[in-house]
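Undergrad:
In the numbering used here, the protein residues as written are 867 to 991.
#1: What are the start and end residues of the alpha helix (DSSP H) that includes residue 888?
#2: Let me know if residue 961 comes out buried or exposed under the rule of 16 or more other beta-carbons within 10 Å of its beta-carbon.
#3: So, with DSSP's three-state summary, where would you put residue 919?
#4: Which value, in whole angstroms, describes the spacing of the CA atoms of residue 936 and residue 976?
#5: Is it buried or exposed, residue 951, if we count other Cβ atoms within 10 angstroms and call 16 or more buried?
#6: Locate the alpha helix (DSSP H) running through residue 902, then write down its first and last residues.
#7: By how many angstroms is the C-alpha of residue 914 removed from the C-alpha of residue 898?
#8: Across the segment 952 to 972 and the segment 888 to 904, are there enough close Cβ pairs to call them in contact, namely three or more that are closer than 8 Å?
#9: Would the beta-carbon of residue 884 fall within 7 Å of that of residue 972?
#10: State buried or exposed for residue 887, treating a residue as buried only when at least 16 other CB atoms are found within 10 Å of its CB.
#11: Between which two residues does the alpha helix (DSSP H) carrying residue 970 extend?
#12: Let's see if you can read the secondary structure: which residues bound the alpha helix (DSSP H) around residue 871?
Right under this line is the structure:
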């Protein structure tokens, strides 16, 4: 919502607004640390098949996390740390984009607006 309020007033059409919103930097990676661990664990050993079968935005997200993993694992404070520990740190870091399609971002925005932030947990009635 914060990004929407920042970006939308500068756009001429809704389509342009949603495209800019999804390419705007995100405050974190919106993925569970356990899910990130499961995918990155396979990528570390060279198995990219599961990630390559994903949708384009999700595939970009995991490749971005993999690139960050390679950079972070060389830092002094992370040498010798487990992949699980590093994944918990990585998903909390700012992401370069939201890794959503414009349509998905629009759906999430309107559902949050209509049902509140708990709509994904089934708390709307």
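From the three backbone atoms N, C-alpha and C, an ideal C-beta is built for every residue, glycine too.
TA: On the basis of the data shown:
#1: Locating residue 888 in the chain shown gives position 22, where the first residue counts as 1. For residue 888, the uninterrupted alpha helix (DSSP H) run begins and ends at 880 to 889, by DSSP.
#2: As a working mapping, residue 961 is identified with position 95 in the chain shown. By the Cβ neighbour-count rule, residue 961 is buried, with 16 or more other Cβ atoms within 10 Å of its own.
#3: Locating residue 919 in the chain shown gives position 53, counting from the first residue. In this structure, residue 919 counts as coil in the three-state DSSP scheme.
#4: Along the chain shown, read from residue 1 onward, the residue named residue 936 stands at position 70. Along the chain shown, read from residue 1 onward, the residue named residue 976 stands at position 110. Those two C-alpha atoms are separated by around 36 Å.
#5: The sequence position of residue 951 within the chain shown is 85, counting from 1. Classification of residue 951: exposed, given that the 10 Å Cβ count is below 16.
#6: What you label residue 902 is simply residue 36 of the chain shown in a count that begins at 1. Annotation: the continuous alpha helix (DSSP H) that includes residue 902 extends over 899 to 910.
#7: If you number the chain shown from 1, residue 898 lands on position 32. If you number the chain shown from 1, residue 914 lands on position 48. The straight-line gap from Cα to Cα measures roughly 19 Å.
#8: Contact between the segment 952 to 972 and the segment 888 to 904 is present, because at least three Cβ pairs lie under 8 Å.
#9: Position 18 of the chain shown, counting from 1, holds the residue named residue 884. Position 106 of the chain shown, counting from 1, holds the residue named residue 972. It is a contact, given that the beta carbons lie within the stated cut-off.
#10: Numbered from its first residue, the chain shown carries residue 887 at position 21. Residue burial annotation: residue 887 is buried, with at least 16 other C-beta atoms found within 10 angstroms of its C-beta.
#11: For this step, residue 970 is matched to residue 104 along the chain shown. 968 to 981 is the extent of the alpha helix (DSSP H) around residue 970.
#12: The sequence position of residue 871 within the chain shown is 5, counting from 1. Unbroken alpha helix (DSSP H) run through residue 871: 868 to 873.
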